[in-house]
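Trainee: Here the sequence shown stands for residues 1 to 230, numbered as in this note's numbering.
Even glycine gets a Cβ: it sits at the ideal position worked out from N, Cα and C.
For reference, the structure I am asking about is given below.
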Amino acid sequence: MIGAGRATTAKLNDYGIYTLGELAQCDAQWITKVLGKNGYMLRCYANGTDNSQVMPADFSMPAKSVGHGVTTTADITRCEDAKPLLLELAQDIGKRLMLQNKYATKVCVNARSSILRNREWQTELPTATRSPMIIADTAYRLFCDNYDWVNPVRSLTVTAFSLVDGGAVIQNSFFNDTVRLEKMEKADGCIRDIRKRFGEGMIKNAVLLTGLAVPKSKAVVSLPGNMLNK
Numbered sequence: 001m002i003g004a005g006r007a008t009t010a011k012l013n014d015y016g017i018y019t020l021g022e023l024a025q026c027d028a029q030w031i032t033k034v035l036g037k038n039g040y041m042l043r044c045y046a047n048g049t050d051n052s053q054v055m056p057a058d059f060s061m062p063a064k065s066v067g068h069g070v071t072t073t074a075d076i077t078r079c080e081d082a083k084p085l086l087l088e089l090a091q092d093i094g095k096r097l098m099l100q101n102k103y104a105t106k107v108c109v110n111a112r113s114s115i116l117r118n119r120e121w122q123t124e125l126p127t128a129t130r131s132p133m134i135i136a137d138t139a140y141r142l143f144c145d146n147y148d149w150v151n152p153v154r155s156l157t158v159t160a161f162s163l164v165d166g167g168a169v170i171q172n173s174f175f176n177d178t179v180r181l182e183k184m185e186k187a188d189g190c191i192r193d194i195r196k197r198f199g200e201g202m203i204k205n206a207v208l209l210t211g212l213a214v215p216k217s218k219a220v221v222s223l224p225g226n227m228l229n230k
C-alpha cells in the first residue's frame, strides 16, 4: 500500500499488524500515537475512507516545495565534484518553478553518505528566485560549509521551499548584490527561451559538459497528490 514502506511495515509487524484488515481495525488514537499523521492516513486508506474533496482528473496539489535529488554512480569525494551535480538539480527545480509561476525564498540540501547517513541543512536565498544559478550557488556554499567529509557522498537532494507566487511583491535585501542577481536572472531567462525554441540540449553550462556521475535514466514518478501532504 502506498505510504507503507519497509520501515513502517516493520514497525506495524512489531505490534502484530500484518494485514490491511488488522490495520483497519486498530484504534485511531493508538495508530496516530505510534506512526503520527501518516499512521492515521494509513488506517483511513485501509478502511477505504477519504473525506477529501473530489477533484478533476487533471487537478494537482499546489506545490509547497520543489525538490530534485539523485543517487550518483560513483562516490563524491570533494566539494568541487558536487558543484555540477547541484547545478543539474537546480536546473530542473528552476524549470518547474517557472512552470508553476513560483519563486523560492529558501533552499535545503540533503546529503546521504556512502554509509547511508543523512545530513541536511537549509538557508535563505539571497532573493526570492527561480534562477537555477542562484539556487545552485546557494546550495553549493551551504553544502561545502557544512559537510565534514568523514565519508564520501553517495546522493544529493536540493529542495526549494517557502514559495511565493510570481505576481507577489518581492523585496530585496539592502545588503544583496542586486545588479549581479538581476544579471543572473536575465541570463537564465535567455537560456530558457533558447531551450524552449530549439530544445533542452541546445545550450548547457560548460561545467555540465565534463560528464556527471549520475544514472542516464531521468524518469520521474509522481505519487497521488494527497500523499504529498506533510
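#1: Kindly indicate which three-state DSSP category Gln100 falls into: helix, strand or coil?
#2: In chain order, which alpha helix (DSSP H) runs of at least 4 residues are fully inside the stretch 123-194?
#3: Using a threshold of 8 Å, state whether the C-beta atoms of Cys135 and Val107 are closer than that.
#4: Please report the Cβ distance between Ile31 and Pro152, rounded to the nearest whole angstrom; I am assuming they are in contact, meaning their Cβ atoms lie under 8 Å.
#5: Is the beta carbon of Gly67 less than 8 Å from the beta carbon of Val158?
#6: Does the beta-carbon of Thr19 have 16 or more other beta-carbons within 10 angstroms, so that it is buried, or is it exposed?
#7: Cβ-heavy atom distance between Arg192 and the ligand SAH below 7 Å?
#8: State the Cα-Cα distance for the pair Gln100 and Pro56, rounded to the nearest angstrom.
#9: From Ser52 to Cys44, what does the alpha carbon distance come to, in whole angstroms?
#10: So, does the stretch 82-91 touch the stretch 131-147, judging by three or more C-beta pairs under 8 Å?
#11: Hey, out of Val34, Met1, Thr73, whose CA is closest to Gly21's CA?
#12: Quick one, which of Ile115, Gly5, Ser155, Ser162 has its alpha-carbon nearest Thr283's?
#13: Would you kindly work out how many angstroms separate the C-alpha atoms of Thr71 and Tyr15, rounded to a whole number?
#14: Return the bridge partner residues of Thr71 from the DSSP annotation.
#15: Of all the options Ala24, Gly166, Leu12, which has the alpha carbon lying nearest to the alpha carbon of Met98?
#16: From this set, Ala82, Asn47, Asp188, which residue's C-alpha is nearest Gln91's C-alpha?
#17: Under 8 Å, do Arg112 and Arg78 count as touching if we go by C-beta distance?
#18: Mind checking which residues open and close the alpha helix (DSSP H) that includes Tyr15?
#19: Tell me, please, which residues DSSP counts as bridged to Ser113.
#20: Give every residue of the same chain whose Cβ lies closer than 7 Å to the Cβ of Ala139, excluding the five residues on either side of it in the sequence, and list them in chain order.
#21: Starting from Ile31, trace the alpha helix (DSSP H) both ways and give me its first and last residue.
Mentor: Short version:
#1: coil
#2: 132-146
#3: The identity of residue 135 in the sequence shown is Ile, whereas the question assumes Cys. In this structure, Val107 lies closer than 8 Å to Ile135 by Cβ.
#4: 39 Å between Cβ atoms; not a contact.
#5: Yes; because the gap between Cβ atoms is below 8 Å, this pair is in contact.
#6: exposed
#7: As far as ligands go, the structure on display features none, and thus does not contain the ligand SAH.
#8: 18 Å
#9: 11 Å
#10: yes
#11: Met1
#12: The chain is shown only over 1 to 230; residue 283 falls outside these bounds and no answer can be derived.
#13: 33 Å
#14: Ser155
#15: Gly166
#16: Asp188
#17: no
#18: Per DSSP, Tyr15 belongs to no alpha helix (DSSP H) and is neither H nor E.
#19: Val153
#20: Leu86, Ala90, Val107, Val109, Val158
#21: 28-35
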